[in-house]
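Below is one structure, written out as structure tokens; comments come after it.
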Amino acid sequence: MTGIIRTTWHNAEVLSNQRWTERLLTLRIRTEPLPFTAGQFVTLRLPITTGDATELVAKSYSLINAPDEEALEIFYNIVPNGKLSNALARLQPGDSLEISQPAKGFFVLDEIPAVPNLWMIATGTGLGPYLSILKTPQPWQRFQKIVLVHGVPLVNELAYAELIQTFATQYPEQFRFISCVTREANPHGLEGRITTHLESGTLEQTAGTTITVDDTHVMLCGNHNMLNDMKALLGNRGMQRHLRHKPGHITTEQYF
Numbered sequence: 100m101t102g103i104i105r106t107t108w109h110n111a112e113v114l115s116n117q118r119w120t121e122r123l124l125t126l127r128i129r130t131e132p133l134p135f136t137a138g139q140f141v142t143l144r145l146p147i148t149t150g151d152a153t154e155l156v157a158k159s160y161s162l163i164n165a166p167d168e169e170a171l172e173i174f175y176n177i178v179p180n181g182k183l184s185n186a187l188a189r190l191q192p193g194d195s196l197e198i199s200q201p202a203k204g205f206f207v208l209d210e211i212p213a214v215p216n217l218w219m220i221a222t223g224t225g226l227g228p229y230l231s232i233l234k235t236p237q238p239w240q241r242f243q244k245i246v247l248v249h250g251v252p253l254v255n256e257l258a259y260a261e262l263i264q265t266f267a268t269q270y271p272e273q274f275r276f277i278s279c280v281t282r283e284a285n286p287h288g289l290e291g292r293i294t295t296h297l298e299s300g301t302l303e304q305t306a307g308t309t310i311t312v313d314d315t316h317v318m319l320c321g322n323h324n325m326l327n328d329m330k331a332l333l334g335n336r337g338m339q340r341h342l343r344h345k346p347g348h349i350t351t352e353q354y355f
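Numbering-wise, the sequence shown is residues 100 to 355 according to the working numbering.
Listed below in structure tokens is the structure:
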């Protein structure tokens with residue numbers, strides 16, 4: 100019988116809190132060594148005072164750093180009236196917060212079946228776990244083709260462009276990045292929703308590879324609308340959700 104793994108809380112120090120846009124930030128923190136698998140998440144916790152009352156508020160976030168990097172990195176967005184996200188945005192270097200251990204989640208490559216092609220599709224901060232995964236040797240050793248798709252409303256929300264370019268430079272035949280921007284012109288990618296371009300065939304044409312049940316696994320990470328629409332479109336191709344007891348073609352992680 101497997102024992103219950105209990106969550107413990109550890110103090111962490113803020114190293115930096117980089118602002119990409121008014122609502123998108125990257126928090127870098129330092130704590131005691133935290134073993135995890137690329138693609139997993141942790142929970143951050145802060146005491147927040149409203150009026151005369153103070154409460155501990157917590158929320159889960161994926162780690163962007165690779166497991167062998169010392170600083171932990173969180174890519175997050177400010178939610179309107181969100182207690183924790185607004186409190187996180189106010190943190191400065193030297194401030195402290197709490198972080199959960201151990202890291203959790205099954206949005207990892209160890210859970211993905213053996214296939215030649217991997218598509219990583221994200222909206223917004225759902226990009227985060229893919230960056231952690233792509234920083235490790237495993238995807239480059241396992242897959243012939245890796246396609247990373249990132250959908251955002253505005254061009255300036257296409258964060259981590261320099262890091263993504265390093266993957267493209269290092270693995271020019273193996274890796275393809277496609278950006279989709281919905282609310283303005285996109286000089287370096289596609290304009291419109293990811294799902295629209297999947298339906299029209301533009302997404303696969305741009306990637307130079309197709310999505311089929313025979314040779315492809317699709318990872319989806321982002322808002323529930325994208326996840327639901329993509330699962331329906333992929334379902335029309337005979338692709339099903341992947342489960343441990345029932346192997347499939349789609350692995351999901353929902354971001355709210």
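Glycine is no exception: its CB is placed at the ideal position from the N, C-alpha and C atoms.
- Per DSSP, the unbroken alpha helix (DSSP H) holding K330 starts and ends at 323–334.
- Below 8 Å, too few C-beta pairs join the stretch 338–353 and the stretch 235–247 to call them touching: fewer than three.
- With distances taken between CA atoms, L257 lies nearest to L226 out of D209, D151, L226.
- Contact fails between the stretch 217–224 and the stretch 190–199, because fewer than three Cβ pairs, one in each stretch, are under 8 Å apart.
- Taken in chain order, the complete alpha helix (DSSP H) segments of 4 residues or longer contained in the stretch 184–239 are 227–233.
- A straight line joining the alpha-carbon of T130 with that of L171 spans about 8 Å.
- Judged by DSSP in its simplified three-state form, T315 adopts strand.
- Runs of the beta strand (DSSP E) lying entirely within the stretch 155–183 and spanning at least 3 residues, in chain order: 171–176.
- Annotation for I293: no beta strand (DSSP E) segment contains it, though the alpha helix (DSSP H) segment containing it runs 293–299.
- When DSSP states are grouped into helix, strand and coil, L257 belongs to the coil group.
- When DSSP states are grouped into helix, strand and coil, A267 belongs to the helix group.
- Sorting L187, P271, S161 by C-alpha distance to the C-alpha of S115 places L187 at the top.
- Collapsing the DSSP output to three states places A152 in a strand.
- Below 8 Å, too few C-beta pairs join the stretch 202–213 and the stretch 145–152 to call them touching: fewer than three.
- Only residues of its own chain outside the window of five on either side were considered, and among them S278 have a CB closer than 7 Å to the CB of H287, listed in chain order.
- For T106, there is no enclosing beta strand (DSSP E), as DSSP marks it with neither H nor E.
- The bridge partners DSSP lists for L247 are M219, F276.
- Secondary structure at L145: strand, using DSSP grouped into helix, strand and coil.
- In the structure shown, the three-state DSSP call for L133 is coil.
- A Cβ-Cβ separation of about 6 Å places S199 in contact with W108 under the 8 Å criterion.
- In terms of Cβ geometry, L289 and L332 do not form a close pair [threshold 9 Å].
- Under DSSP, the beta-bridge partners assigned to F140 are S161, K203.
- A check of alpha carbon separations from N164 across I128, G291, C320 identifies I128 as the nearest.
- Between A284 and V254, the C-beta gap is smaller than 9 Å, which places the two residues in contact.
- Taking C-beta atoms under 8 Å as the contact rule, A137 and I263 fail to qualify, at a distance of about 16 Å.
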